[in-house]
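Here the sequence shown stands for residues 1 to 396, numbered as in this note's numbering. Ideal Cβ placement from N, Cα and C applies to all residues, glycine included. Since the structure is predicted, the reported quantities are computational estimates derived from the model, not experimental observations.
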Amino acid sequence: MTINWKTTLQTSASVISLIIVLKELYSLYTKSTTKSPSKLTLLSPRTRGIESLIGNTPLLEIKSLSRLTGCKIYAKLELMNPAGSAKDRVALSIIRANETMGNLTPYQDNIIFEGTSGSTGISFAVLSNALGYKCHICLPDDTSPEKLNLLTALGAELEPVAPASIVDPNQYVNAAKKGAEKVNADERDSRKAIFADQFENDFNWKVHYETTGLEILEQMGDERVDVFINGSGTGGTIAGVGRRLKEYDSSTKIILADPQGSGLANRINYGVMYDSVEKEGTRRRHQVDTIVEGIGLNRLTYNFQKAEPFINEAIRVTDEQALKMAKFICINDGLFWGSSAAINCVAAVKTAFKYGPGQKIVVIACDSGDRHLSKFWKQASKVSNDITLNDVLNED
Ligand SMILES: Cc1ncc(COP(=O)(O)O)c(C=O)c1O
């Protein structure tokens, strides 16, 4: 048999070229199928409308506090909601519920009234614009200028009132209720109005039970939550998250972080709503004597009552400690947070030292430092960059 070398060489060259081309094509294919999907899973899907961005906030470990306590301390970044706080969840839930009940119809000049010292008002102002409503906010006239300016920029109607006790008809929550009632009582006025009533409203704690609490459980995965810590403004967050976490694991501790001047800590620890300034008669302001905004109260609200059965203990935090902690996590972790988040972090560190290393502690970071620049952060800025965790807790 004679071998045709020329044909054999040509055929072999063609086969080798084909193999090289196929190999190249295969490597291109595997690159595209192994890289792209993992990249895509980190991206949120395409979406529509600002309301669709509410919730699913990250859970972040605060590295410095974990390292220095031997615990794992995580913060749920509610400040990453589109209008900047946990209140986005509450505002959206109240609007949707009132639409379902027929109390609100979009693009009919319907008005949402709310009494709020800031965050909830900002959430309602943003969502009113997005969903076709007008927004009227009653708030204490000593609310930080950032919040007042932001609400004005967002186009909300503002009604600043003097800080007053809840029994005063002109207190900001009562003023909002009166405003909504007036619109609805006027027969010549075809507009509808609602009083959102975040303090007494069932939709408040429920949305945290349905979303925030569940998200924390999902994000913690196999790790159990030993302790959840939060302050109480309306009480909605600690009620909803506390209930969800306790139902999942009854040994999870729910701890209230309470600022100076608030009576809630005493109520939890001793059964009586009381703060020492009541006795001393030194109260400077009618609401709560603290530089911290958004948490602390001297009355029992419906949402706080929903939280009480799940709260194991309360920790008092002074303004001084909150200011120092805000600066500490800013300098050590790059976390520029608001005053209620700082209070929660102080309580988390106290809890870590009380119960020992290994605890998994979750707190809420409700809003950013941007909203507190002229009041809380004006003082926190003066704290030394070299502040230590011991200095933060020094007063105890
Ligand atoms: C900045 C800030 N942190 C914490 C809270 C407390 O949340 P909750 O009302 O669910 O108790 C509020 C409430 O307004 C707030 O504005």
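- Query: Relative to ligand 1, is the shortest distance from any of its heavy atoms to the C-beta of ASP367 smaller than 7 Å?
  - Reply: In the sequence shown, residue 367 corresponds to position 367, counting from 1. Indeed, a heavy atom of ligand 1 lies less than 7 Å from the Cβ.
- Message: Below 8 Å, how does it come out for the segment 371-381 and the segment 323-330: are there three or more Cβ pairs, yes or no?
- Response: The answer is yes - the segment 323-330 touches the segment 371-381, with three or more Cβ pairs under 8 Å.
- Task: Go ahead and pull the three-state DSSP assignment for LYS375.
- Result: Here the question's residue 375 lines up with position 375 in the sequence shown. Coil.
- Query: Going by the C-beta, is THR234 closer than 7 Å to any heavy atom of ligand 1?
  - Reply: Translated into positions along the sequence shown, residue 234 becomes position 234. For ligand 1, at least one heavy atom lies less than 7 Å from the Cβ of THR234.
- Is it buried or exposed for GLU187, if we count other Cβ within 10 angstroms and need 16 for buried? In the sequence shown, counting from the first residue as 1, residue 187 sits at position 187. The residue is exposed, with fewer than 16 neighbouring Cβ atoms inside 10 Å.
- Boundaries (first-last residue) of the beta strand (DSSP E) holding ASN170: Within the sequence shown, numbered from 1, the residue matching residue 170 stands at position 170. Boundaries for ASN170: no beta strand (DSSP E) harbours it, and the DSSP string shows neither H nor E there.
- Query: Helix, strand or coil for VAL317 per DSSP?
  - Reply: Residue 317 sits at position 317 when you count from the first residue of the sequence shown. In this structure, VAL317 counts as strand in the three-state DSSP scheme.
- Item | Opposing strand residues paired with TYR74 [DSSP bridges] | Here residue 74 corresponds to residue number 74 of the sequence shown, with the count starting at 1. TYR74 pairs with GLU61 and VAL362.
- Per-residue DSSP class, three states only, for ASP109: As a working note, residue 109 is residue 109 in the sequence shown. Looking at ASP109 - three-state DSSP - the assignment turns out to be coil, as it is neither helix nor strand.
- Query: ligand 1 heavy atoms versus the CB of GLU293: any closer than 7 Å?
  - Reply: Working through the sequence shown from its first residue, we reach residue 293 at position 293. In this structure, GLU293 has its CB closer than 7 Å to one or more heavy atoms of ligand 1.
- Query: Apart from the five residues on each side of it in sequence, which residues of its chain come closer than 6 Å, Cβ to Cβ, to TRP205?
  - Reply: On the sequence shown, residue 205 is found 205 positions in, with the first residue counted as 1. Excluding sequence neighbours, TRP205 sits near GLY236, ALA239, GLY240, ASN303 and LYS306.
- Query: Which residues share a DSSP beta bridge with HIS136?
  - Reply: In the sequence shown, the residue the question calls residue 136 occupies position 136. Note: HIS136 sits in a beta bridge opposite PHE113 and GLU157.
- To the nearest angstrom, report how far apart VAL437 and LEU139 are at their CA atoms. This structure leaves residue 437 out entirely; the chain is present only between 1 and 396.
- So is LEU42 buried or exposed if we call it buried at 16+ other beta carbons inside 10 Å? Stepping through the sequence shown from its first residue, residue 42 is reached at position 42. It is exposed - the Cβ of LEU42 has fewer than 16 other Cβ atoms within 10 Å.
- Residues near ALA314 in its chain [Cβ-Cβ closer than 6 Å; skip 5 each side]: Here residue 314 is taken as the residue at index 314 of the sequence shown, counted from 1. Here the set comprises LEU256, ASP258, ALA265, ILE268 and ASN269.
- Query: Using the C-alpha atoms, what's the distance from LYS6 back to LEU22?
  - Reply: Position 22 of the sequence shown holds residue 22. Position 6 of the sequence shown holds residue 6. Cα-Cα distance, rounded: 24 Å.
- Message: For THR152, which residues in the same chain have their Cβ closer than 8 Å to its Cβ, ignoring the five residues on either side in sequence?
- Response: Numbered from 1 along the sequence shown, position 152 holds the residue referred to as residue 152. Scanning its chain for C-beta atoms nearer than 8 Å, with the 5 sequence neighbours on each side dropped, one finds around THR152 the residues LEU158, in chain order.
- Continuous beta strand (DSSP E) stretch holding ASN390: start and end: Translated into positions along the sequence shown, residue 390 becomes position 390. Per DSSP, ASN390 belongs to no beta strand (DSSP E); it is in the alpha helix (DSSP H), 389-393.
- Considering only C-alpha positions, which residue in the set PRO160, SER250, CYS366 and ALA342 is nearest to PRO82? Working through the sequence shown from its first residue, we reach residue 82 at position 82. Here the closest residue by C-alpha is CYS366.
- Task: Give the single residue among THR100, ARG316 and SER368 whose Cα lies nearest to the Cα of THR351.
- Result: Start at 1 with the first residue of the sequence shown, and residue 351 comes out as number 351. When only C-alpha atoms are compared, the closest one is ARG316.
- Item | For SER384, the three-state DSSP class (helix, strand or coil) | Counting from 1 along the sequence shown, the entry for residue 384 is found at position 384. Judged by DSSP in its simplified three-state form, SER384 adopts coil rather than helix or strand.
- Message: Buried or exposed for ASN4, going by 16 or more other Cβ atoms inside 10 Å?
- Response: As a position in the sequence shown, residue 4 is number 4, starting the count at 1. Taking all protein chains in view, the Cβ of ASN4 is surrounded by fewer than 16 other Cβ atoms within 10 Å, so the residue is classified as exposed.
- Item | Selection from GLY179, ILE62, LYS134 and GLU210 that minimises the alpha carbon distance to LYS360 | The sequence position of residue 360 within the sequence shown is 360, counting from 1. The shortest C-alpha separation from LYS360 is found at ILE62.
- Message: Going by DSSP in three states, THR11 sits in which element: helix, strand or coil?
- Response: The residue labelled residue 11 in the question sits at position 11 within the sequence shown. Helix.
- Message: If you reduce the DSSP assignment to three classes, tell me which class LEU256 lands in.
- Response: Start at 1 with the first residue of the sequence shown, and residue 256 comes out as number 256. It is a strand residue.
- Backbone secondary structure at GLU280 - three-state DSSP: Taking the first residue of the sequence shown as position 1, residue 280 is located at position 280. The predicted model places GLU280 with a pLDDT of 42, which falls under 50 and marks its position as unreliable; any figure quoted below should be read in that light. In this structure, GLU280 counts as helix in the three-state DSSP scheme.
- Between VAL362 and TYR74, is the Cβ-Cβ spacing less than 8 Å? Here residue 362 refers to the residue found at position 362 of the sequence shown. Here residue 74 refers to the residue found at position 74 of the sequence shown. In contact: VAL362 and TYR74 (Cβ atoms closer than 8 Å).
- Where the beta strand (DSSP E) through PHE353 begins and ends: Start at 1 with the first residue of the sequence shown, and residue 353 comes out as number 353. Run containing PHE353: none in the beta strand (DSSP E); it sits in the alpha helix (DSSP H), 339-355.
- Message: Looking at ligand 1, does it come within less than 7 Å of ILE238, judged from the CB to the closest heavy atom?
- Response: Looking up residue 238 in the sequence shown gives position 238. Correct: ILE238 has its Cβ closer than 7 Å to ligand 1.
- Item | Span of the beta strand (DSSP E), counted from its first residue to its last, around ILE229 | Along the sequence shown, read from residue 1 onward, the residue named residue 229 stands at position 229. Taken as a continuous stretch (DSSP letters only), the beta strand (DSSP E) holding ILE229 covers 227-230.
- Message: Mapping the DSSP letters down to three states, classify HIS286 as helix, strand or coil.
- Response: By one-based count along the sequence shown, residue 286 stands at place 286. Legend: pLDDT at HIS286 = 45, less than 50; position of this residue unreliable, value from coordinates given subsequently. Of the three classes helix, strand and coil, the one that applies to HIS286 here is coil, per DSSP.
- Task: Under the assumption that ASN129 contacts LEU154 (Cβ atoms under 8 Å), give the Cβ distance between them as a whole number of angstroms.
- Result: For the purposes of this step, residue 129 is taken as the residue at position 129 of the sequence shown. For the purposes of this step, residue 154 is taken as the residue at position 154 of the sequence shown. So it is a contact: roughly 7 Å between Cβ atoms.
- Query: Can you tell me whether TYR262 is buried or exposed, with buried defined as 16 or more other CB within 10 angstroms of its CB?
  - Reply: Start at 1 with the first residue of the sequence shown, and residue 262 comes out as number 262. Sequence inspection shows Ser at residue 262; the Tyr mentioned does not correspond to that position. Burial call: buried.
- Query: Any chance the segment 86-97 sits against the segment 46-66, with 3 or more Cβ pairs inside 8 Å?
  - Reply: With contact defined as three or more Cβ pairs closer than 8 Å, the segment 86-97 and the segment 46-66 are in contact.
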